[in-house]
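Structure first, commentary second.
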Amino acid sequence: MKKFSIFIVCFLLGYAILGELYYAASVGITLFFLFNIIDDSSRFFAFREWALFLYAINYLFSPAITYQLDQNLLTYPMKIAAADYFSIAIPGFLCFYAGMHLLKTRIFSPSLVKIKRDALRNENVLIKFVFGGLILRFIGPFFPTELLFFIYLISWMRFVGVFSLYTINPQKYWVWVAGVLIIELYFAALEAMYHDAIMWILFFALYFVYTMKPTLSIRLIGLSACMFLILFIQGLKGAYRSKSYELGRSDLGLILETSGEVSDDISSEENILQSLNRGNQAWIFASTKDRMDRIQDFQGLHVLGIYAESAFLPRFLAPDKLMSGDKKIFNTFSGHRINQNTSMGLGVFADGYIAYGYWGVMFFTFGLGMLFNFTFRIVESWAKLSEFYVLMVLPLLNYAIRPDCELQTTINHLVKGLLVFGILVTLTKFNFVINAGTSKSSQLKRAALPNLNHIHN
């Protein structure tokens, strides 16, 4: 009843601001999930709510704002009427929500006492995760292209390690967390590709709230800081890329120089609208719907079959399979043409419409939510070995839950991620069994769990 009342309040707020039912529902749904993250994140690890919030921002909130603006002045205008768009987007989002909640899972309410106990028992292993992951982060670019994605995945174990270590002793390991995140931000700045760094900072923020239970005022301050960071990076990214291309270099000095130049424009209306418009995956969906309705060349499951081939078959069996980041399908069906260096993807809503129109969107969004839900259950089975393995959901779905992620890449990432991390869980299992099998007195001593004052469940 409380959640329903909250949604009604959010809906009425949206209606008061924008004055249309479609817009009100879109704003209401988005604010509802934001409120859940702020209010409930100390009671559960709000990863799933964060994923739903991302989709709501991209497919509901951003287009609701975009439709209020002059489409002729926008870089990414909406090509279909608002009623045509939202009559598909809102039911599609609800199908996505239903798929993600298909089966119950406990991984978002892990026992912090058990995480701390298991982390203490395997502290040395977690330290190896951190340093091994950092080493792979530095040397990864030197690996052959065929191995690079697997190295990229394995290196993310540094976050599982450092988050788990933080649970043991926040006073000791917060420096480790800060160091790992700063290194990630450094590489992101050099490459002008900030998605990974921002996601990991936000993941830690969610985990921090769950473990440390800060007050509501602290959570709101943290939310404001995260919004400031996103706006700052949005302003920095374009300016830095232009300067780097112009000067032919990318280094820390150039980053600092560009940061000083854009710092005054962080909260400008132009930067805010640009951030909102760039985080609007809906324009691609709207453009795809416009093109498909005109040409009527719906593909059924043909394109999904191409994606599945790319994810499941090794290249020696399918030498001509679709490459990750290939823009051929995007350029064919989206109504736009982009080059290989442009980081845009169709997204699950557009892919669904390409397949079967309206019902394709419902089928694909529910299916993707269900795929994520099954992934939750697999991670839950891994957590039976050690409770901190609930954090494996982060490297598994870090990329896949992004609304701008191509469906092909989402499937590919999940298939390879489940394979890689499943092998890692199997290999580390033996070490955990040995640790669990130490003498009773040693176990009691190591599991004594000092400084439990910050652990509440």
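Take the sequence shown: its letters are residues 10 to 466, numbered as in this note's numbering.
Idealized CB from N, CA, C, for every residue including glycine.
Reduced DSSP category for residue i - H, G, I as helix; E, B as strand; rest coil
i: I85; result: Note that residue 85 is Tyr in the sequence shown here, rather than Ile. Looking at Y85 - three-state DSSP - the assignment turns out to be coil, as it is neither helix nor strand.
i: E29; result: coil
i: I347; result: coil
i: I116; result: coil
i: S71; result: helix
i: G366; result: coil
i: H110; result: coil
i: L355; result: coil
i: N131; result: coil
i: D299; result: helix
i: L310; result: coil
i: L331; result: coil
i: I17; result: helix
i: F53; result: coil
i: A90; result: coil
i: L326; result: coil
Chain-order list of residues whose beta-carbon lies under 6 Å from that of residue i (same chain, five-residue window excluded)
i: M379; result: G108, L111
i: C104; result: M371, T374, F375
i: C19; result: G37, L40, F41
i: Y175; result: Y182, V186
i: T419; result: A409
i: F397; result: I124, D127, A128, S173
Between the CA atoms of residue j and residue i - distance to the nearest angstrom
i: E58; j: R411; result: 13 Å
i: R324; j: M332; result: 10 Å
i: L78; j: A295; result: 16 Å
i: Y161; j: L145; result: 8 Å
i: P179; j: F217; result: 10 Å
i: V399; j: N81; result: 47 Å
i: H465; j: F212; result: Residue placement at H465 cannot be trusted, given a pLDDT of 48 that sits under 50; what the coordinates show is reported in the next sentence. The alpha-carbon atoms of H465 and F212 are separated by roughly 20 Å.
i: I116; j: G356; result: 26 Å
i: F147; j: R386; result: 32 Å
i: F300; j: D49; result: In the sequence as presented, Phe is not what sits at residue 300; that position holds Arg. When rounded, the distance between both Cα atoms is 41 Å.
i: F158; j: F13; result: 43 Å
i: K298; j: G366; result: 8 Å
i: T377; j: L238; result: The question names Thr, but residue 377 in the sequence shown is Leu. So the alpha carbons of these two residues sit roughly 29 Å apart.
i: R303; j: T384; result: 37 Å
i: L43; j: F62; result: 7 Å
i: Y68; j: D413; result: 10 Å
i: M236; j: P328; result: 43 Å
i: F102; j: Y64; result: 8 Å
i: W292; j: Y203; result: 22 Å
i: A60; j: L403; result: 11 Å
i: S96; j: P119; result: 37 Å
i: G529; j: L405; result: Lying before the first or after the last residue shown, residue 529 is absent from the chain, which here runs from 10 to 466.
i: K125; j: F172; result: 11 Å
i: V442; j: L225; result: Interpretation of V442 is limited by its pLDDT of 48, a score under 50 that renders its predicted location unreliable; no figure is taken from the coordinates.
i: R455; j: L232; result: The pLDDT assigned to R455 is 43, lower than 50, so where the model puts this residue is not dependable, and the model offers no usable value.
i: F33; j: L27; result: Sequence check: residue 33 is Ala here, not Phe. So the two alpha carbons sit approximately 7 Å from each other.
i: L322; j: G314; result: 11 Å
i: P86; j: P72; result: 9 Å
i: R228; j: P153; result: 43 Å
i: L135; j: F196; result: 23 Å
Where residue i falls, given that 16 or more other Cβ within 10 Å makes a residue buried
i: A206; result: buried
i: E155; result: exposed
i: V388; result: buried
i: K336; result: buried
i: F140; result: exposed
i: H7; result: The displayed coordinates of the chain run from 10 to 466. Any statement about residue 7 would go beyond what the structure contains.
i: N133; result: exposed
i: M208; result: buried
i: A198; result: buried
i: L416; result: buried
i: Q308; result: buried
i: F151; result: exposed
i: V184; result: exposed
i: Q305; result: exposed
i: A445; result: Unreliable positioning characterises A445 in this predicted model, as indicated by a pLDDT of 46, which lies under 50. The coordinate reading is nonetheless provided below. Exposed, since its Cβ has fewer than 16 Cβ neighbours within 10 Å.
i: L21; result: exposed
Close beta carbons around residue i, own chain, < 8 Å, minus the five adjacent residues each side
i: L30; result: Y24
i: N382; result: G108, M109, H110, L111, L112, T114
i: I347; result: K336, F339, N340, M353
i: A55; result: N45, I46, D49, F117, L215, V218, Y219
i: L433; result: I163, M166
i: G361; result: G101, G369, V370, M371, F372, F373, T374
i: A344; result: Residue identity check: residue 344 is Gly in the sequence provided, not Ala. If we look at G344 and ignore the five residues flanking it on each side, its Cβ neighbours are K88, S296, T297, D299, R300.
i: F53; result: F117, S118, Y219
Within-9 Å CB hit, residue i to chain C
i: S118; result: Structure shown: chain C not included; a single protein chain is present.
Cut-off 7 Å between Cβ atoms - residues of its own chain near residue i, not counting five sequence neighbours on either side
i: L190; result: W209, I210, F213
Which runs of the alpha helix (DSSP H) fall wholly inside the stretch 151 to 231 and span at least 4 residues, in chain order?
-> 154 to 164, 166 to 177, 179 to 200, 204 to 221
Could you give the uninterrupted runs of the alpha helix (DSSP H) lying entirely in the stretch 380 to 438, keeping only those of 4 residues or more?
-> The qualifying runs are 402 to 406.
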